[in-house]
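Taking it in order: structure first as structure tokens, then the write-up.
Residue numbers (the numbering used here): 14 to 282.
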């Protein structure tokens, strides 16, 4: 990891879900039909302006990978994800990376201990109607925190002009106690080391934000798609009550752009 990557969370699952955003199987394929293959993957890169860390009032630009799944085959189950279908149940992998957070990252973190990087792995599921979908996902943290996180959401899906797909809808994120304590809690020692900026705080688990996410995708060619995504999250509950959020910002914004290329292949006979 570079120094840049050590300071931010790569919300791969979120960006991927909006394509077919944190999981890769909400396939939204615009006006381009999917190839008749067992696996159809859109893989690419993007860049996003987002908070330096959760609850930060400063922002930075970061690169990140883009992955979405149009079709996904599991032996014995068949096509568990099939973007050709405009209605039905879908499943997808969900993952996220949270970079290391240090007191030197921001003056608002003065006195806090370093939080190591964390990898979150899990899955999501949902149901798609013709122009609407609902979904939920759950992930398990490794290393920096060992707790559970996830989100629930819904999207309206529109095709205003040929080759353009628009999706927009509400989001709500949640986390168990260890996550909340790691990223929003303040120990007595940290409060003393902050020089009075932060007070001792021991949050519990629950919902941590509500917001709105939207994405516009353009089918440049049959294989190449361009994406523009934006999201707003408002910290709520015990996350919003955290001294770290009080000296930072309860309102979190992000905007990003990206490009993906479609790969289609078979593995099983």
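Quick reminder that beta carbons are idealized off the backbone N, C-alpha and C, glycines included.
What residue range is occupied by the uninterrupted alpha helix (DSSP H) comprising residue i?
i, result
"residue 46", "Counting along the chain, residue 46 falls outside any alpha helix (DSSP H), and DSSP gives it neither H nor E."
"residue 251", "250-253"
Is residue i helix, strand or coil by DSSP?
i, result
"residue 260", "helix"
"residue 274", "strand"
"residue 69", "coil"
"residue 111", "strand"
"residue 85", "strand"
"residue 160", "coil"
"residue 79", "strand"
Beta strand (DSSP E) containing residue i: first to last residue?
i, result
"residue 153", "145-156"
"residue 133", "131-141"
"residue 56", "52-64"
From this set, the options, which residue's C-alpha is nearest residue i's C-alpha?
i, options, result
"residue 192", "88, 80 and 153", "153"
"residue 248", "171, 278 and 184", "184"
"residue 223", "276, 274, 237 and 163", "163"
"residue 142", "171, 207, 212 and 84", "171"
"residue 270", "212, 280, 57 and 66", "57"
"residue 101", "256, 107 and 148", "148"
"residue 277", "256, 237 and 187", "237"
"residue 131", "123, 151, 109 and 47", "109"
"residue 145", "166, 70 and 126", "166"
"residue 207", "46, 125, 134 and 245", "125"
"residue 138", "114, 81, 169 and 104", "104"
"residue 267", "115, 76, 55 and 274", "76"
"residue 107", "120, 213, 244 and 161", "161"
"residue 61", "259, 243, 275 and 255", "243"
"residue 68", "46, 155, 281 and 195", "195"
"residue 213", "129, 257, 250 and 240", "257"
"residue 64", "156, 282, 218 and 111", "111"
Following a CB-centred definition, is residue i positioned closer than 6 Å to any heavy atom of the ligand SAH?
i, result
"residue 111", "The ligand SAH is not part of the structure shown, which contains no ligands of any sort."
* Could you pull out every unbroken beta strand (DSSP E) segment of at least 3 residues lying fully inside the region 169-248, listed in chain order? => 177-188, 219-232 and 237-248
* Asked: Between the region 259-271 and the region 197-206, are three or more C-beta pairs nearer than 8 Å?
  -> Output reads no: the region 197-206 does not touch the region 259-271.
* Asked: Is it true that the region 222-234 meets the region 172-190, where meeting means three or more beta-carbon pairs spaced less than 8 Å apart?
  -> Touching, per the Cβ criterion.
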